[in-house]
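Residue numbers (my numbering): 1472 to 1802.
All residues carry an ideal CB built from backbone N, CA and C; glycine is no exception.
This report refers to the structure that appears directly beneath it.
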């Protein structure tokens, strides 16, 4: 019998496949939302720097050659990607790490308040300075969503000691509310007190999230007793797991659900994955196991302007080594 954690992990794995399947449909019907044509029908490129040797505590390591990574970026916006006149913060950041050799998938949830070095870009998208600020702010620089995504990818790569991230998917919150209401809302016990929204919404109360409150639940921070991003990350994880459970149940009962959502959701998503690449990933991960959702240990502090999250550098180094490297052995 599977444990609750294993079931949640399986659901997340299946949902990643569902997300990719939805994106494949979107590419077919709405190829205008993608940046690249599907000219490259070869395998995905990964392990490009597989021979780079690094040392840690006198042990040699090389990058794992079998990894494929996709950075999911949730934007602090509700409008369609094409309708955005101003850049927005990256409120939600999660890196999907797929190991094609061990057939395993892991999600690395990144705290948007993490203090990191980001590139400041001018109107022509040239780097003018390097700022030490919140990870989320890397997405406010750039003349287009493509440039902003690349800047966020570079920021995360730099944070994780210059690993390579293969692809990205950005999405505004407008997509979440449409998926939420399309499946009839999400019922869950509140992990925090929301009596400022409704006097009946005390912590622990089971509530069906619909409309604006669904977004409030996963985004609220400033009005909460705990103003760090840590509690919000727990609500996001809880909501995502339950949403995926309900989505899969509804999809099995309504075969047209996925197609119906395509028209509603596609304007809110932007990615550099081609249809062929998404189809290949979706096919591969159906047989993969899921090893959970990880995070980088650290400490949240109140800064001069906003909340700041400082990672534990030793823990980060060891996590990067365990996730992206293997010990080097001479053949």
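- Across the structure, residue 1797 and residue 1524 are spaced so that their CA atoms are roughly 10 Å apart.
- Our two residues, residue 1583 and residue 1636, have alpha carbons roughly 17 Å apart in a direct line.
- For residue 1786, the enclosing alpha helix (DSSP H) stretches over residues 1784–1795.
- Cβ contact annotation for residue 1601 (same chain, cutoff 8 Å, sequence separation greater than five): 1588, 1589, 1590 and 1591, in chain order.
- Three or more pairs of CB atoms, one per stretch, sit closer than 8 Å, so the stretch 1640–1659 contacts the stretch 1673–1692.
- In the three-state reduction of the DSSP assignment, residue 1524 falls in the coil class.
- In this structure residue 1569 touches residue 1539 by the C-beta definition: roughly 5 Å separates them, less than 8 Å.
- Looking only at 1748, 1555, 1565 and 1547, the smallest Cα-Cα distance to residue 1766 is reached by 1565.
- When the five nearest sequence neighbours on each side are left out, the beta carbons in the same chain lying within less than 7 Å of the beta carbon of residue 1795 are those of 1534, 1535, 1538 and 1634, in order along the chain.
- If you keep only unbroken alpha helix (DSSP H) runs of at least 4 residues inside the stretch 1628–1713, you get 1644–1653 and 1683–1690.
- With contacts defined by Cβ atoms closer than 8 Å, residue 1644 and residue 1606 do not form a contacting pair.
- Closest in alpha carbon position to residue 1593, among 1586, 1611 and 1585, is 1611.
- With respect to residue 1710, residue 1650 sits apart: the two C-beta atoms are not nearer than 8 Å.
- Straight-line measurement puts the Cα of residue 1613 at about 12 Å from the Cα of residue 1599.
- Apart from the 5 residues on each side of it in sequence, residue 1742 sits with its Cβ closer than 6 Å to the Cβ of 1640 in its chain, given in chain order.
- DSSP places residue 1746 in no beta strand (DSSP E) but in the uninterrupted alpha helix (DSSP H) bounded by 1746–1756.
- Apart from sequence neighbours up to five positions away, the residues of its chain that approach residue 1791 with a beta-carbon distance below 7 Å are 1631, 1632 and 1634, ordered along the chain.
- From the listed residues 1609, 1785 and 1750, the smallest Cα separation to residue 1628 is found for 1609.
- Pairing residue 1779 with residue 1586 gives a Cβ-Cβ distance under 8 Å.
- Take residue 1721, set aside five residues on each side of it, and the residues of its chain with a beta-carbon closer than 7 Å to its own are 1654 and 1728, in chain order.
- Straight across, the Cα-Cα distance linking residue 1706 with residue 1801 is about 46 Å.
- For residue 1575, the beta-bridge partners assigned by DSSP are 1570 and 1760.
- Boundaries of the beta strand (DSSP E) around residue 1741: 1740–1742.
- Of 1708, 1747 and 1558, the smallest CA-CA separation from residue 1619 is found for 1558.
- In the three-state scheme derived from DSSP, where H, G and I count as helix and E and B as strand, residue 1544 is classed as strand.
- Taking C-beta separations shorter than 8 Å and ignoring five residues to either side along the sequence, the partners of residue 1666 in its chain run 1672 and 1673, following chain order.
- Under DSSP, residue 1550 shares a beta bridge with no residue.
- Residues of the same chain with a CB within less than 7 Å of the CB of residue 1596, apart from the 5 flanking positions on each side, are 1613, 1614 and 1618 in chain order.
- Straight-line measurement puts the Cα of residue 1527 at about 47 Å from the Cα of residue 1554.
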